[in-house]
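Participant: My questions will all concern the structure given below.
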Amino acid sequence: MKGRLTPYLLALPSWLWLGIFLVVPLAAMASVSTTTGNNIDGFVQTFAFSNYTDALSRYSTQLARSFAYGAMATVAMLVIGYPVAYFIAFKGGARKSTYLFLLLLPFFVSFVLRTISWGFLLADDGILLGTLKGWGLLPAGFHVLATTFSVVAGLTYNWLPFMILPIYVALERVDPRVIEAAQDLYATRLAAFRRVVLPLSLPGVFAGVLMTFVPATADPVNAQILGGTSNTMIGNVIQTEYLTNLAYPSASALSFTLMAVLLVGIFIYAKALGTENVLEAAANR
Amino acid sequence: MKRNRLGDRVLHLYTWLIIVWLSAPIAVMILFGFNDKKSKSNTSWQGFTLRWYQELFSISDLSTALINSLVIAVASTLVTAVIGTMLGLALGRFRFRGKGITNFLVFVAISTPELVMGSSLLSLFVSANMPRDSFTIIIAHVLFSLSFVTVTVRARVVTLDPSLEEAARDLGASAWGTFRQVTLPAIMPGVAAGAMLAFALSVDDYVVTSFVNGSTITFPLWIVGSVKTGIPPQVNVMGTLIFGVGVLIAVANFVAARRRRT
Numbered sequence: 001m002k003g004r005l006t007p008y009l010l011a012l013p014s015w016l017w018l019g020i021f022l023v024v025p026l027a028a029m030a031s032v033s034t035t036t037g038n039n040i041d042g043f044v045q046t047f048a049f050s051n052y053t054d055a056l057s058r059y060s061t062q063l064a065r066s067f068a069y070g071a072m073a074t075v076a077m078l079v080i081g082y083p084v085a086y087f088i089a090f091k092g093g094a095r096k097s098t099y100l101f102l103l104l105l106p107f108f109v110s111f112v113l114r115t116i117s118w119g120f121l122l123a124d125d126g127i128l129l130g131t132l133k134g135w136g137l138l139p140a141g142f143h144v145l146a147t148t149f150s151v152v153a154g155l156t157y158n159w160l161p162f163m164i165l166p167i168y169v170a171l172e173r174v175d176p177r178v179i180e181a182a183q184d185l186y187a188t189r190l191a192a193f194r195r196v197v198l199p200l201s202l203p204g205v206f207a208g209v210l211m212t213f214v215p216a217t218a219d220p221v222n223a224q225i226l227g228g229t230s231n232t233m234i235g236n237v238i239q240t241e242y243l244t245n246l247a248y249p250s251a252s253a254l255s256f257t258l259m260a261v262l263l264v265g266i267f268i269y270a271k272a273l274g275t276e277n278v279l280e281a282a283a284n285r
Numbered sequence: 001m002k003r004n005r006l007g008d009r010v011l012h013l014y015t016w017l018i019i020v021w022l023s024a025p026i027a028v029m030i031l032f033g034f035n036d037k038k039s040k041s042n043t044s045w046q047g048f049t050l051r052w053y054q055e056l057f058s059i060s061d062l063s064t065a066l067i068n069s070l071v072i073a074v075a076s077t078l079v080t081a082v083i084g085t086m087l088g089l090a091l092g093r094f095r096f097r098g099k100g101i102t103n104f105l106v107f108v109a110i111s112t113p114e115l116v117m118g119s120s121l122l123s124l125f126v127s128a129n130m131p132r133d134s135f136t137i138i139i140a141h142v143l144f145s146l147s148f149v150t151v152t153v154r155a156r157v158v159t160l161d162p163s164l165e166e167a168a169r170d171l172g173a174s175a176w177g178t179f180r181q182v183t184l185p186a187i188m189p190g191v192a193a194g195a196m197l198a199f200a201l202s203v204d205d206y207v208v209t210s211f212v213n214g215s216t217i218t219f220p221l222w223i224v225g226s227v228k229t230g231i232p233p234q235v236n237v238m239g240t241l242i243f244g245v246g247v248l249i250a251v252a253n254f255v256a257a258r259r260r261r262t
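Heads up: the sequence lines are chains Z and F, in that order.
Residues 1 to 285 (the UniProt record's numbering) make up the first sequence, in order.
Residues 1 to 262 (the UniProt record's numbering) make up the second sequence, in order.
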């Protein structure tokens with residue numbers, strides 16, 4: 001293990017894999033996004049940056065909707081998840097790992113199946129609405145599926161643990177004596193939280209937002225299963241453009257725009273906090 | 001002080017409410033695997049039956065899809081475990097040229113949206129004239145789980161005391177012998193955790209697979225494909241069994257880890 005070549009040999013297979021199947025395809029996608037042509041005659045590189053403006057203006061509704069849904073779900077996750085992370089970190093005591101295990105239970109069920117079960121719970125004549133309608137508590141025409149609410153709720157449901165975990169990790173590292181010190185210095189509980197605990201948990205919040213906003217915004221599954229035709233997100237558009245319409249240039253342009261927005265996020269994060277934190281948070285999920 | 005305790009109690013209750021919310025769809029999934037449904041749709045409770053457990057493999061497409069998923073998961077996990085562990089060792093133990101960019105690539109691989117990963121891979125396979133089948137699915141699954149294995153192994157390698165390996169070398173062990181008898185056992189929990197994660201990610205994946213599958217159907221693809229016509233209860237049963245096995249393994253792992261510590 002002491003040879004000078006050892007690290008290179010160890011890294012080589014992964015370099016090849018990441019190079020051929022990640023870097024090259026991303027570069028290829030960038031290149032395809034400025035081509036023109038059609039599926040039969042082939043696509044020619046013409047540096048047609050108009051593909052971007054065309055695709056973005058044609059699908060601006062879906063793009064804006066995706067960012068809006070992603071943002072709404074992320075805010076909901078933050079508001080719902082922070083108190084849970086706080087409770088487990090400070091009041092969980094000996095049962096911390098039990099709570100974390102229970103929060104992770106949904107991950108033992110396939111993502112697709114979870115989303116379908118959720119749709120099933122919310123179905124017009126399903127267990128929840130059907131029962132409430134039977135009792136006369138809801139009008140017969142009331143529905144939740146195929147609304148903005150059901151899609152955002154589905155996104156929130158599916159990624160909530162990814163928000164809770166990094167915040168928990170950050171809060172768990174806070175030394176309780178720091179809070180005691182603040183209170184000894186006559187800070188109220190609220191002030192101690194706002195001035196001490198909250199700032200210390202911000203790296204976790206940031207990691208949580210990054211780990212949930214990106215996948216929630218790009219997710220096609222929730223909109224497909226829980227949404228209707230008026231809730232289509234950019235993920236569904238890209239899927240259709242690629243797999244059904246075979247419109248590779250515009251699909252690539254849309255994909256690349258999504259990736260670019262993400263890269264900006266990563267860059268800001270890496271600048272602010274370093275990459276290792278996010279990776280560890282991601283690996284501990 | 002009294003107000004504190006009230007606040008704590010509210011938080012405690014709230015945490016349990018969230019846990020119940022997160023688990024509700026699982027309960028529904030398990031329950032409706034026992035539903036004696038007569039109509040086409042499986043949305044209302046019509047009585048208890050074990051029929052779907054007996055007829056678990058009666059839908060041949062579904063069974064094939066499940067088998068495909070398991071075979072692909074095993075194959076991609078094996079590849080990922082080997083090359084991911086190698087990279088984790090390199091990053092955790094050595095200084096070398098290109099380490100920074102490698103760390104960055106590992107990070108990009110984790111944070112690229114599945115949709116972008118799937119669509120860019122499809123572009124590659126199309127332009128290279130590669131037919132899409134189980135093989136391309138395995139390539140894709142290795143790609144998105146590689147970073148997770150690397151990161152868990154690296155975290156383990158960093159905590160490893162290098163003097164252990166030096167001691168083994170001083171006692172006359174070969175480089176390979178040191179690795180096999182000292183390093184590997186010490187990083188094994190990290191490798192195992194990463195491999196389990198890789199397996200779970202692979203079995204679960206829908207988005208990336210939907211781009212690179214060609215005509216091969218996996219379990220999640222089959223489920224999404226049958227949403228419109230109604231999910232048969234066999235899917236609930238399979239989901240329940242996968243859930244059960246997953247929880248059992250996790251609990252066993254947890255107990256084993258606790259025993260090692262004490």
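From the three backbone atoms N, C-alpha and C, an ideal C-beta is built for every residue, glycine too.
#1: Let me know the secondary structure DSSP gives A283(Z) once reduced to three states.
#2: Return helix, strand or coil for F48(F), following the three-state DSSP convention.
#3: Let me know the secondary structure DSSP gives G225(F) once reduced to three states.
#4: Classify V174(Z) as helix, strand or coil using the three-state DSSP reduction.
#5: Assign T232(Z) to one of three DSSP states: helix, strand, or coil.
#6: Alpha carbon to alpha carbon, how far is L262(Z) from T217(Z)? Give it in angstroms, no decimals.
#7: Go to N68(F), then tell me how far its alpha helix (DSSP H) extends in each direction, as first and last residue.
#8: Check the Cβ of residue 286(Z) against every Cβ in chain F and list those closer than 8 angstroms, keeping chain order.
#9: Considering F206(Z), what are the terminal residues of the beta strand (DSSP E) in which it resides?
#10: Which same chain residues, not among the five before or five after A140(Z), have their C-beta less than 7 angstroms away from its C-beta?
#11: Measuring only the C-alpha atoms, how far is A256(F) from Y86(Z)?
#12: Quick check on the DSSP output: the alpha helix (DSSP H) that includes V75(Z) runs from which residue to which?
#13: Fully enclosed by the region 97-156 of chain Z, which beta strand (DSSP E) runs are 3 residues long or longer?
#14: Please decide whether L26(Z) counts as near chain F, where near means a Cβ-Cβ distance under 8 angstroms.
#15: Where I139(F) and V28(F) are concerned, what is the direct C-alpha to C-alpha distance, given to the nearest angstrom?
#16: Tell me the rounded alpha-carbon separation between V237(F) and I30(F).
#17: Measure the CB-CB distance between N42(F) and P233(F) and report whether it falls below 8 angstroms.
#18: Since G118(F) is in the alpha helix (DSSP H), which residue starts that stretch and which ends it?
#19: Determine the chain F residues that contact M29(Z) at a beta-carbon separation under 9 angstroms, and present them in chain order.
#20: Less than 8 angstroms separating the beta-carbons of residue 314(Z) and L171(Z)?
#21: Starting from the beta carbon of V221(Z), find every residue of chain F whose beta carbon is closer than 8 angstroms, and list them in chain order.
#22: Kindly indicate which three-state DSSP category G42(Z) falls into: helix, strand or coil?
#23: Got a sec, what are the start and stop residues for the alpha helix (DSSP H) Y8(Z) sits in?
#24: Kindly indicate which three-state DSSP category M1(Z) falls into: helix, strand or coil?
#25: Between the C-alpha atoms of S150(Z) and V144(Z), what's the straight-line distance to the nearest angstrom?
#26: Leaving out five residues before and five after V142(F) in sequence, what residues of the same chain have Cβ atoms less than 6 angstroms from its Cβ?
#27: Just tell me which of S250(Z), I268(Z) and A260(Z) has its CA closest to the CA of N39(Z).
#28: So does the region 172-183 of chain F actually touch the region 130-139 of chain F, counting three or more Cβ pairs closer than 8 angstroms?
#29: Using three-state DSSP, classify N35(F) as helix, strand or coil.
#30: Find the residues of chain F that neighbour S201(Z), judging by a C-beta separation of less than 9 angstroms, and give them in chain order.
#31: Around the Cβ of Q62(Z), are there at least 16 other Cβ atoms within 10 angstroms (buried) or fewer (exposed)?
#32: If contacts are defined as beta-carbon pairs under 8 angstroms, then S14(Z) and M188(F) qualify, I think. What distance do you get, rounded to the angstrom?
#33: Since G37(Z) sits in a beta bridge, which residues does DSSP pair it with?
#34: Rounded to whole angstroms, what's the CA-CA distance from L12(Z) to F243(F)? Just pull it up for me.
#35: How many angstroms separate the CA atom of L5(Z) from the CA atom of F108(Z)?
#36: Please look up how many angstroms separate the CB atoms of V149(F) and G230(F), rounded, as I've assumed it's under 8 angstroms.
Facilitator: Taking the coordinates as given:
#1: Your numbering for residue 283(Z) matches position 283 in the first sequence. Only weak support is given to the placement of A283(Z): the predicted model assigns it a pLDDT of 47, under 50, and the question is left unresolved by the model.
#2: Position 48 of the second sequence, counting from 1, holds the residue named residue 48(F). In this structure, F48(F) counts as strand in the three-state DSSP scheme.
#3: The residue labelled residue 225(F) in the question sits at position 225 within the second sequence. Of the three classes helix, strand and coil, the one that applies to G225(F) here is helix, per DSSP.
#4: Walking along the first sequence from the start, residue 174(Z) turns up at place 174. It is coil, neither helix nor strand.
#5: Residue numbering aside, residue 232(Z) sits at position 232 when the first sequence is read from its first letter. The answer is coil: DSSP assigns T232(Z) none of H, G, I, E or B.
#6: The residue you call residue 217(Z) lines up with position 217 of the first sequence. The residue you call residue 262(Z) lines up with position 262 of the first sequence. Approximately 10 angstroms, taken between the alpha carbons.
#7: Counting from 1 along the second sequence, the entry for residue 68(F) is found at position 68. Segment S60 to R93, the alpha helix (DSSP H) holding N68(F).
#8: Residue numbering for chain Z in the displayed model covers 1 to 285; residue 286(Z) lies beyond these limits and cannot be assessed.
#9: The count along the first sequence starts at 1 and reaches residue 206(Z) at position 206. Per DSSP, F206(Z) lies in no beta strand (DSSP E); the unbroken alpha helix (DSSP H) holding it starts and ends at L198 to A218.
#10: For this step, residue 140(Z) is matched to residue 140 along the first sequence. K133.
#11: Numbered from 1 along the second sequence, position 256 holds the residue referred to as residue 256(F). Numbered from 1 along the first sequence, position 86 holds the residue referred to as residue 86(Z). One C-alpha to the other measures close to 28 angstroms.
#12: Sequence index remark: in the first sequence, residue 75(Z) carries index 75 (1-based). Segment S60 to K91, the alpha helix (DSSP H) holding V75(Z).
#13: Runs of the beta strand (DSSP E) inside the region 97-156 of chain Z: none found.
#14: On the first sequence, position 26 is the one that residue 26(Z) refers to. At a cut-off of 8 angstroms between beta carbons, L26(Z) contacts chain F.
#15: Within the second sequence, residue 139(F) is the residue found at index 139, counting from 1. Within the second sequence, residue 28(F) is the residue found at index 28, counting from 1. Each residue's alpha carbon lies about 34 angstroms from the other.
#16: Stepping through the second sequence from its first residue, residue 237(F) is reached at position 237. Stepping through the second sequence from its first residue, residue 30(F) is reached at position 30. So the two alpha carbons sit approximately 7 angstroms from each other.
#17: Taking the first residue of the second sequence as position 1, residue 42(F) is located at position 42. Taking the first residue of the second sequence as position 1, residue 233(F) is located at position 233. At the C-beta level, N42(F) and P233(F) come within 8 angstroms of one another.
#18: Reading the second sequence from its first residue, position 118 is the one you call residue 118(F). E114 to S127 is the span of the alpha helix (DSSP H), which, as asked, contains G118(F).
#19: In the first sequence, the residue the question calls residue 29(Z) occupies position 29. What M29(Z) touches in chain F: V116, S119, S120, S123 and L124.
#20: No statement about residue 314(Z) is possible, as the shown extent of chain Z runs from 1 to 285 and does not include it.
#21: The residue given as residue 221(Z) occupies position 221 in the first sequence. Those are Y206, V207 and V224, listed as they occur along chain F.
#22: Residue numbering aside, residue 42(Z) sits at position 42 when the first sequence is read from its first letter. Per DSSP, reduced to three states, the secondary structure at G42(Z) is strand.
#23: Taking the first residue of the first sequence as position 1, residue 8(Z) is located at position 8. Following the DSSP letters along the chain, one finds Y8(Z) inside the alpha helix (DSSP H) bounded by residues T6 to L18.
#24: Mapped onto the first sequence, residue 1(Z) falls at position 1. Low per-residue confidence applies at M1(Z): pLDDT is 46, beneath 50, and the placement is therefore not dependable, though the value from the model is reported in the following sentence. Three-state result, M1(Z): coil.
#25: The sequence position of residue 150(Z) within the first sequence is 150, counting from 1. The sequence position of residue 144(Z) within the first sequence is 144, counting from 1. Roughly 6 angstroms separates the two Cα atoms.
#26: Stepping through the second sequence from its first residue, residue 142(F) is reached at position 142. Around V142(F): S76, V79 and T80.
#27: For this step, residue 39(Z) is matched to residue 39 along the first sequence. Checked all of S250(Z), I268(Z) and A260(Z); the closest Cα to N39(Z) is S250(Z).
#28: Contact between the region 172-183 of chain F and the region 130-139 of chain F is absent, because fewer than three Cβ pairs lie under 8 angstroms.
#29: To locate residue 35(F), count along the second sequence from 1; it is residue 35. Strand at N35(F).
#30: Along the first sequence, read from residue 1 onward, the residue named residue 201(Z) stands at position 201. Neighbours of S201(Z) on chain F: none; closest Cβ ~15 angstroms, over 9 angstroms.
#31: If you number the first sequence from 1, residue 62(Z) lands on position 62. It is buried - the Cβ of Q62(Z) has at least 16 other Cβ atoms within 10 Å.
#32: Numbered from 1 along the first sequence, position 14 holds the residue referred to as residue 14(Z). Numbered from 1 along the second sequence, position 188 holds the residue referred to as residue 188(F). Not a contact, Cβ separation roughly 19 angstroms.
#33: Position 37 of the first sequence, counted from the first residue, corresponds to residue 37(Z). In DSSP, G37(Z) forms a bridge with F43(Z).
#34: What you label residue 12(Z) is simply residue 12 of the first sequence in a count that begins at 1. What you label residue 243(F) is simply residue 243 of the second sequence in a count that begins at 1. In this structure, the alpha-carbon of L12(Z) lies about 36 angstroms from that of F243(F).
#35: The residue labelled residue 5(Z) in the question sits at position 5 within the first sequence. The residue labelled residue 108(Z) in the question sits at position 108 within the first sequence. Using only the alpha carbons, I get a separation of about 41 angstroms.
#36: Along the second sequence, read from residue 1 onward, the residue named residue 149(F) stands at position 149. Along the second sequence, read from residue 1 onward, the residue named residue 230(F) stands at position 230. That pair is no contact at about 38 angstroms.
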